[in-house]
Amino acid sequence: MNPAIRVAGVTKRFRSLQALAGVDLEVAQGEFFGLLGPNGAGKTTLISCLAGLARPDSGTLEVMGRDVVRDYRAARMALGVVPQELVFDPFFSVREMLRIQSGYFGIRNNDDWIDEILHNLDLTGKAGANMRMLSGGMKRRALVAQALVHRPPVIVLDEPTAGVDVELRHGLWQFIRKLNQDGHTIVLTTHYLEEAESLCGRIAMLKAGRVVALDTTANLLQRFATHTLKLRLAAPVSLPPPFSARILSQEGAELLLGFDHYDDVGHLLAGLRAAGGEITDMALGKPDMEQVFVGIMNQN
Amino acid sequence: MEGFKTLLYKECLRFWKVGFQTVLSPVLTAVLYLLIFGHVLEDHVQPYPGVSYTAFLVPGLVMMTVLQNAFANSSSSLIQSKITGNIVFVLLPPISYREFYAAYVIASVLRGVACGVGVLLVSLPFAALSLAEPGWVMAFTLIGGAFLGSLGVIAGIWADKFDQLAAFQNFLIMPLTMLSGVFYSIHSLPAFWQGVSHFNPFFFMIDGFRYGFFGVSDVSPWVSIGVVSVCFVVLAVITLQMLARGYKLRA
């Protein structure tokens with residue numbers, strides 16, 4: 072079975088900026104895949120190359136086994152892209168826009184599917200409204216609807232929840248999860264790391280146009296994140312070994328310690344007391360994607 | 006093919022939805038030219054024997070309207086889509102660059118024709134017009150409209166802001182159309198300017214189009230259609246090359 076997405080040796084330069092510096096990546100069919108990285112890491116350029124909006128300088132990209140340059144029609148039929156920018160055509164209503172988008176993909180009489188998408192995205196009441204009249208969150212959902220009109224097996228969402236309120240975000244993720252359960256491959260870029268952690272089975276991290284980490288979410292958390300103990304002390308103290316090895320950060324009287332098992336907490340607190348530390352506040356934290364992200368970005 | 010048809014339909018729907026601006030306004034402008042110039046010059050100028058100045062003016066204004074609006078359609082649609090970012094909706098689907106080109110150019114021709122027919126209908130009460138050779142009228146309308154539609158695609162893709170497009174329109178399209186013999190026969194010009202006019206492809210479009218009405222023109226319609234066709238083919242090749250390379254559309 073072909074992978075949903077195959078990226079091999081892709082480079083792309085914009086004048087002096089090396090946006091992609093040799094990216095290799097495979098996403099299996101049915102995956103919920105995260106593409107993370109700081110601004111300028113090359114996420115959107117990679118998506119643009121995949122969607123035919125940009126042309127790679129070298130390397131190949133395939134969607135469902137179809138080369139995005141040589142066999143661009145089949146590749147684009149298999150791909151739905153929700154762009155990062157909140158763009159819309161001010162001349163048309165939501166339904167007109169979805170009918171037009173269906174036609175671009177060679178589909179006529181698509182109203183049954185359009186109605187279903189509108190219903191799932193809670194846009195049924197806005198089908199006749201001009202795109203200009205929609206709120207930001209509704210425009211975002213209309214963009215998702217546009218990407219789905221041709222029922223693509225692979226859906227790429229480029230920061231789909233930027234600027235979307237919590238309720239809408241949850242509704243959107245519920246729908247995207249359902250699409251994934253129905254067999255669609257989902258590729259997500261987001262700056263909300265907790266979203267990536269809870270949704271994505273595998274994650275790739277990009278930095279300066281290179282893949283610097285690629286693994287399952289569980290493995291990344293296990294390898295790069297620990298439980299944390301955040302302490303505020305009455306006065307700064309100097310922790311002796313072996314406890315000093317647990318320090319993740321220390322700023323004055325604020326101390327962040329890492330540990331693997333909850334049993335370790337007692338030892339850490341005992342060590343702290345022995346060193347003369349007086350605790351005024353304390354909080355426990357679970358391993359999270361933010362630690363993974365920061366750790367990997369600092370390593371590279 | 007469905008993608009091409011939908012893009013063509015969308016481009017037509019786009020201008021039709023703002024018909025006051027895209028069709029009725031150019032018709033009104035052309036009719037104002039007709040009323041003012043016709044009133045002032047009717048008794049003073051007779052470009053061709055047996056043809057009144059107002060009658061002479063009508064085909065020129067019709068063709069000028071066709072050309073200017075064909076250019077305006079593709080250029081304004083593309084620059085709006087680029088600036089608002091919704092051009093991605095056309096670039097993401099499996100539409101080839103040839104289909105893209107054909108849809109934008111045909112929509113431009115259709116808008117030009119809609120405006121031109123509007124000017125013609127409104128002008129009929131003011132001038133006795135014959136239609137000596139309708140085939141030439143059709144040919145010059147289609148090729149001239151396609152030439153300007155193509156030029157509009159180039160301008161819309163090249164321009165990064167509305168100001169640049171306005172410069173293209175006001176400093177190139179407008180002078181070339183106004184100085185192409187819409188308001189006069191080039192035989193009324195000094196020899197030097199007659200010669201200069203022969204380097205303006207818009208002159209051949211207007212002159213050939215006018216021949217279709219009166220059976221009289223400044224140069225043979227065969228020469229005109231030859232010049233206009235060669236210009237169109239050259240421009241079409243350049244535009245298709247730009248689109249094939251993804252110039253300013255696909256990074």
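Chains as they are written, first to last, in the working numbering: chain A, 72 to 371; chain B, 6 to 256.
Built from N, CA and C at the ideal position, the CB exists for glycine as well.
- Just measuring C-alpha positions, the residue of B:Pro-180, B:Phe-9, B:Phe-219 sitting nearest Phe-208 of chain B is B:Pro-180.
- Within its own chain, the residues whose Cβ lies closer than 8 Å to the Cβ of Gly-356 of chain A, once the five positions on either side in sequence are excluded, are His-298, Thr-299, Leu-300, Lys-301, listed in chain order.
- Out of A:Val-283, A:Pro-311, A:Ala-324, A:Leu-157, the CA that lies nearest to the CA of Gly-93 of chain A is found in A:Val-283.
- The count of Cβ pairs closer than 8 Å, one atom from the region 144-163 of chain B and one from the region 68-77 of chain B, reaches three, so the stretches are in contact.
- Closer than 7 Å at the C-beta level to chain B, one finds these residues of the region 121-134 of chain A: Ala-122, Gly-123, Leu-124, Ala-125, Arg-126.
- Secondary structure at Tyr-53 of chain B: strand, using DSSP grouped into helix, strand and coil.
- Under a criterion of Cβ atoms nearer than 8 Å, the residues of chain B adjacent to Met-148 of chain A are, in order, Pro-99.
- If you ignore the 5 residues before and after Ser-119 of chain A, its C-beta comes within less than 8 Å of the C-beta of Ala-125, all in its own chain and listed in chain order.
- Chain A has a Cβ within less than 8 Å of the Cβ of Lys-15 of chain B.
- When 7 Å is used as the limit between beta carbons, Arg-19 of chain B is near these residues of chain A: Phe-162, in chain order.
- Cβ-Cβ distances below 6 Å link Leu-125 of chain B to Val-67 in the same chain, with the five nearest sequence neighbours on each side left out; the list follows chain order.
- Taking 8 Å as the upper bound for CB-CB distance, Ile-178 of chain A and His-241 of chain A are not in contact here, some 30 Å apart.
- In the three-state DSSP reduction, His-241 of chain A falls in the helix class (H, G or I).
- Within the region 64-95 of chain B, those residues whose Cβ lies closer than 8 Å to any Cβ of chain A are, in chain order, Ser-86, Thr-89, Gly-90, Asn-91, Val-93, Phe-94, Val-95.
- Classified as buried, Phe-163 of chain A has 16 or more neighbouring CB atoms from the shown chains inside 10 Å of its CB.
- For the pair Glu-156 of chain A and Gly-207 of chain A, the Cα-to-Cα distance works out to about 11 Å.
- The beta carbon of Arg-203 of chain A lies closer than 6 Å to those of Pro-161 in the same chain, with the five residues before and after it left out.
- Chain B has a Cβ within less than 8 Å of the Cβ of Phe-159 of chain A.
- Among the CB atoms of chain B, one or more fall inside 8 Å of the CB of Pro-154 of chain A.
- In the DSSP assignment, Leu-302 of chain A falls within the beta strand (DSSP E) that extends over 298-304.
- Within the model, the alpha-carbon separation for Val-242 of chain B versus Ala-144 of chain B is close to 20 Å.
- Taking 8 Å as the CB threshold, Gly-174 of chain A lines the interface with chain B.
- For Gln-362 of chain A, no CB of chain B lies under 8 Å from its own CB, so it is not counted at the interface with that chain.
- Per DSSP, Ala-345 of chain A has no beta bridge partner at all.
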